[in-house]
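*Asks:*
There are 2 protein chains.
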Amino acid sequence: MPDDSATPTEDPPRFRLIFDALRREITNGNLVEHAVLPSERGVAEEYGVSRMTARRALEALETEGLAYREGRKGRFVSPRRLTYDISQMVSFAADAKARGINLQIEMIDAGPQTADAKLARELSVQIGEHLHAFTRLFKIGGHAIFIETEFVIAARFPDLLRYDLRQSTTLLLSQHYNTLAHTGDVTIRMRGVSAIEAKLLGLSANTAGIELEQVIRDTAGAPFCIGHQIWRGELAEFSARTMVKPES
Amino acid sequence: MPDDSATPTEDPPRFRLIFDALRREITNGNLVEHAVLPSERGVAEEYGVSRMTARRALEALETEGLAYREGRKGRFVSPRRLTYDISQMVSFAADAKARGINLQIEMIDAGPQTADAKLARELSVQIGEHLHAFTRLFKIGGHAIFIETEFVIAARFPDLLRYDLRQSTTLLLSQHYNTLAHTGDVTIRMRGVSAIEAKLLGLSANTAGIELEQVIRDTAGAPFCIGHQIWRGELAEFSARTMVKPES
DNA sequence: GAAATATGTTGGTATATACCAGTGGACAAT
DNA sequence: ATTGTCCACTGGTATATACCAACATATTTC
Chain A
363 MPDDSATPTE DPPRFRLIFD ALRREITNGN LVEHAVLPSE RGVAEEYGVS RMTARRALEA
423 LETEGLAYRE GRKGRFVSPR RLTYDISQMV SFAADAKARG INLQIEMIDA GPQTADAKLA
483 RELSVQIGEH LHAFTRLFKI GGHAIFIETE FVIAARFPDL LRYDLRQSTT LLLSQHYNTL
543 AHTGDVTIRM RGVSAIEAKL LGLSANTAGI ELEQVIRDTA GAPFCIGHQI WRGELAEFSA
603 RTMVKPES
Chain B
363 MPDDSATPTE DPPRFRLIFD ALRREITNGN LVEHAVLPSE RGVAEEYGVS RMTARRALEA
423 LETEGLAYRE GRKGRFVSPR RLTYDISQMV SFAADAKARG INLQIEMIDA GPQTADAKLA
483 RELSVQIGEH LHAFTRLFKI GGHAIFIETE FVIAARFPDL LRYDLRQSTT LLLSQHYNTL
543 AHTGDVTIRM RGVSAIEAKL LGLSANTAGI ELEQVIRDTA GAPFCIGHQI WRGELAEFSA
603 RTMVKPES
């Protein structure tokens, strides 16, 4: 075997070096929240690499949660993470209001719907039961955070859709229908966002996000509301306070 | 302006069509769990596209949670998701054992460590306090699921590292040190896995995963264990049962 | 039979190029 | 002041090519 192979084993890939450089810029504070990051072509020229390599570096920033892109506008520095305490069982809207966060809620869709097998099981109703369904987009400072679709039993909350739904649902149901959230089941998973969701969240398709499914029950233990949320995964985290049950 | 532009507006990108076709194969059941997916070159030839396009389709399957890749071996069909109930406060190991899942635990690292600012705050000890730290890799059926690094106060659990740590920590601490987990704080977020983590999990770098941080307290409310887990995001989901506190 | 070697496959990285489709600003026409 | 057109810029998609490193499996050598 010839031993003249003198490859200097320069291990770290070039896109990684660029990624590190850009990350330093962000963590140093040279680039602040929502600041515009250099474009793919800009990075390519600045570091003397091809556009594909520049893109890989920028995409690495995205999966790291340090950057996000909005459509064809460009890439931006991610804001610090929001923490949503799921064990408090108050809606994100009510919590944000209490913390002085300027939360905007946009109605996307609202209307009647009938329960399919999954919804019927989760809400303990018959398949075909009439439900109210409504989808809302939640934003902070003009930036989309998550989309929520909620399903409630129509017979229990007549004329719900005639209220202004751009507020906390739990608040609405407690004020007008005397129904209080008492217990809930939450499921969190990571998944790719659909094309529609991506559009609403201002993301490109095939981005990973966090899905949060919620079943909310009243004091009698009867489920009355199902909520499906899809969050931009880079800019949220979910905390819960748990406790071992006295009995087992 | 010339009006002879007759581009037929064939909207769906080619990689999306390939993605859809492959997804159908999986959801139909033609491809079962852990089955080998066609390679990038294979897909490229079969559908008459370039390798980069084939790769995009396969990567879309990954962010959708339908496929995973292990190093340079190839891509495989993801198994159905595991559900981990974080509000039960029993370790995943104990829960898996109870459910008859063949969980394998590999020791990665174990040794003494001193508390940095973050650990000291979370464990309510002084900075520099002696801790036991150990890292374990959890597998099911030979497939890596998550990595956990735990930190416990050394003074409280002398000689802990001399036990076989390839079992449930909560069980170990309750049997040998009479310490019971009572309450806990859990935080879940999505983030990119590091190079080391990727290697242990058999993933490529810059894959997104789910991080789970846990603070476990005893019946007196004193924290005694910190756990950091990083999960392969496509194959797990986390559920919690929450309850509105009587007082507010 | 066991150990070393070769071969082919797979993803990983990288370049160079091309055209398309939204976005937003500059600027002209109204 | 408003409207509209144009253009530069952005990411999105796609092709073609090249070499490397890890891996699996034969094949050869001992």
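Note that the protein sequences, when read in sequence, are chains A and B.
Reminder that position 207 of the first sequence reads as 569 in our numbering, one-by-one numbering, no gaps.
Reminder that position 84 of the second sequence reads as 446 in our numbering, one-by-one numbering, no gaps.
Every residue gets a Cβ at the ideal spot worked out from N, C-alpha and C, and that includes glycine.
Buried or exposed: valine 548 of chain B, going by 16 or more other Cβ atoms within 10 Å of its Cβ?
*Replies:* On the second sequence, residue 548 of chain B is found 186 positions in, with the first residue counted as 1. Buried, because 16 or more other Cβ atoms sit within 10 Å of the Cβ of valine 548 of chain B.
*Asks:* Based on the DSSP secondary-structure assignment, which residues constitute the bridge partners of valine 452 of chain A?
*Replies:* Position 90 of the first sequence, counting from 1, holds the residue named residue 452 of chain A. Answer is none; valine 452 of chain A lacks a bridge partner.
*Asks:* What does asparagine 568 of chain B reach in chain A if we use C-beta pairs closer than 7 Å?
*Replies:* Position 206 of the second sequence holds residue 568 of chain B. Ordered by position in chain A, the residues that pass the 7 Å Cβ test against asparagine 568 of chain B are Ala422 and Thr425.
*Asks:* Looking at C-beta atoms only, is the number of pairs between the segment 507-525 of chain B and the segment 469-486 of chain B that lie closer than 8 Å three or more?
*Replies:* Contact holds: three or more Cβ-Cβ distances are below 8 Å.
*Asks:* Can you tell me whether threonine 541 of chain A sits near the ligand NAD, meaning its C-beta is under 8 Å from at least one heavy atom of the ligand?
*Replies:* Questions concerning the ligand NAD fall outside what the structure shown contains, since it holds no ligand whatsoever.
*Asks:* Measure the CB-CB distance between isoleucine 467 of chain A and leucine 563 of chain A and report whether it falls below 9 Å.
*Replies:* Translated into positions along the first sequence, residue 467 of chain A becomes position 105. Translated into positions along the first sequence, residue 563 of chain A becomes position 201. It is not a contact, given that the beta carbons lie outside the stated cut-off.
*Asks:* What's the C-alpha gap between serine 530 of chain B and glutamine 450 of chain B?
*Replies:* If you number the second sequence from 1, residue 530 of chain B lands on position 168. If you number the second sequence from 1, residue 450 of chain B lands on position 88. The alpha-carbon atoms of serine 530 of chain B and glutamine 450 of chain B are separated by roughly 14 Å.
*Asks:* Which runs of the alpha helix (DSSP H) fall wholly inside the segment 556-591 of chain B and span at least 4 residues, in chain order?
*Replies:* The segment 556-591 of chain B contains these whole alpha helix (DSSP H) runs: 557-563.
*Asks:* Proline 374 of chain A: buried (16+ other C-beta within 10 angstroms of its C-beta) or exposed?
*Replies:* Here residue 374 of chain A corresponds to residue number 12 of the first sequence, with the count starting at 1. Label assigned to proline 374 of chain A: exposed.
*Asks:* Apart from the five residues on each side of it in sequence, which residues of its chain come closer than 8 Å, Cβ to Cβ, to glutamate 402 of chain A?
*Replies:* Here residue 402 of chain A is taken as the residue at index 40 of the first sequence, counted from 1. Counting only Cβ-Cβ distances below 8 Å, and skipping sequence neighbours, we find Arg413, Ala416, Arg417 and Leu420.
*Asks:* Count the other CB atoms within 10 Å of the CB of glutamine 591 of chain A; is the residue buried (16 or more) or exposed (fewer)?
*Replies:* Within the first sequence, residue 591 of chain A is the residue found at index 229, counting from 1. It is buried - the Cβ of glutamine 591 of chain A has at least 16 other Cβ atoms within 10 Å.
*Asks:* Which residues in the same chain as aspartate 457 of chain B place their Cβ atom closer than 8 Å to its Cβ, once the five residues preceding and following it in sequence are excluded?
*Replies:* What you label residue 457 of chain B is simply residue 95 of the second sequence in a count that begins at 1. Answer for aspartate 457 of chain B: Tyr446, Asp447 and Gln450, listed in chain order.
*Asks:* DSSP three-state label for isoleucine 467 of chain B, please.
*Replies:* On the second sequence, position 105 is the one that residue 467 of chain B refers to. It is a strand residue.
*Asks:* Note down, in chain order, each residue of its chain lying with its Cβ closer than 6 Å to the Cβ of arginine 431 of chain A, except the 5 sequence neighbours on either side.
*Replies:* The residue given as residue 431 of chain A occupies position 69 in the first sequence. So the qualifying residues of the chain are Arg437.
*Asks:* Pick out whichever of B:Ala582, B:Ala495 and B:Glu559 has its Cα sitting closest to the Cα of glycine 589 of chain B.
*Replies:* By one-based count along the second sequence, residue 589 of chain B stands at place 227. Among B:Ala582, B:Ala495 and B:Glu559, the Cα nearest to that of glycine 589 of chain B belongs to B:Ala495.
*Asks:* Go to leucine 499 of chain B, then tell me how far its alpha helix (DSSP H) extends in each direction, as first and last residue.
*Replies:* Start at 1 with the first residue of the second sequence, and residue 499 of chain B comes out as number 137. Leucine 499 of chain B -> not in any alpha helix (DSSP H); beta strand (DSSP E) instead, spanning 492-502.
*Asks:* Taking Cβ positions, are threonine 611 of chain B and histidine 538 of chain B nearer each other than 9 Å?
*Replies:* Within the shown structure, residues of chain B are numbered from 363 to 610, placing residue 611 of chain B beyond reach of any answer.
*Asks:* With a CB to CB cut of under 6 Å and the five nearest residues on each side skipped, what residues in its chain are close to leucine 393 of chain B?
*Replies:* As a first step, residue 393 of chain B is located in the second sequence; it is residue number 31 there, counting from the start. Excluding sequence neighbours, leucine 393 of chain B sits near Glu387 and Val439.
*Asks:* Taking the alpha carbon of glutamate 395 of chain A as the reference point, which residue from A:Phe377, A:Ile509 and A:Pro441 has its own alpha carbon closest?
*Replies:* In the first sequence, the residue the question calls residue 395 of chain A occupies position 33. Among A:Phe377, A:Ile509 and A:Pro441, the Cα nearest to that of glutamate 395 of chain A belongs to A:Pro441.
*Asks:* Going by DSSP, name the residue or residues bridged to histidine 505 of chain B.
*Replies:* As a first step, residue 505 of chain B must be located in the second sequence, where it is residue number 143. According to DSSP, histidine 505 of chain B bridges with B:Ile502.
*Asks:* If you measure between the beta carbons of phenylalanine 586 of chain B and leucine 485 of chain B, is that distance less than 9 Å?
*Replies:* Here residue 586 of chain B corresponds to residue number 224 of the second sequence, with the count starting at 1. Here residue 485 of chain B corresponds to residue number 123 of the second sequence, with the count starting at 1. Against a cut-off of 9 Å, the Cβ pair of leucine 485 of chain B and phenylalanine 586 of chain B comes out as a contact.
*Asks:* Quick one: does threonine 445 of chain A have its CB under 9 Å from some CB of chain B?
*Replies:* Taking the first sequence and counting its residues from 1, one reaches residue 445 of chain A at position 83. With 9 Å as the cut-off, threonine 445 of chain A counts as an interface residue toward chain B.
*Asks:* At the 9 Å Cβ level, is glutamate 596 of chain A part of the contact set with chain B, yes or no?
*Replies:* Mapped onto the first sequence, residue 596 of chain A falls at position 234. By this cut-off, glutamate 596 of chain A is an interface position.
*Asks:* Consider the Cβ of valine 548 of chain A: report whether some Cβ of chain B lies at a distance smaller than 9 Å.
*Replies:* As a first step, residue 548 of chain A must be located in the first sequence, where it is residue number 186. Cβ-Cβ to chain B under 9 Å: yes for valine 548 of chain A.
*Asks:* Could you tell me whether the Cβ of serine 601 of chain A comes closer than 9 Å to any Cβ of chain B?
*Replies:* Residue mapping note: residue 601 of chain A aligns to position 239 of the first sequence, counting from 1. So, interface residue.
*Asks:* Could you pull the start and end residues of the alpha helix (DSSP H) that aspartate 382 of chain A belongs to?
*Replies:* Translated into the one-based positions of the first sequence, residue 382 of chain A becomes position 20. That run of the alpha helix (DSSP H) goes 376-390.
*Asks:* Give the range of the alpha helix (DSSP H) segment to which serine 601 of chain A is assigned.
*Replies:* As a first step, residue 601 of chain A is located in the first sequence; it is residue number 239 there, counting from the start. Unbroken run through serine 601 of chain A is the beta strand (DSSP E), 598-605; no alpha helix (DSSP H).
*Asks:* Look at the alpha carbon of asparagine 540 of chain B and the alpha carbon of leucine 522 of chain B, and state the distance between them as a whole number of angstroms.
*Replies:* Position 178 of the second sequence, counted from the start, is the residue given in the question as residue 540 of chain B. Position 160 of the second sequence, counted from the start, is the residue given in the question as residue 522 of chain B. Whole-angstrom Cα-Cα distance: 13 Å.
*Asks:* Whole beta strand (DSSP E) runs in the segment 411-435 of chain A with 3 or more residues, listed along the chain?
*Replies:* Counting whole runs of 3 or more residues, the segment 411-435 of chain A contains the beta strand (DSSP E) stretches 429-432.
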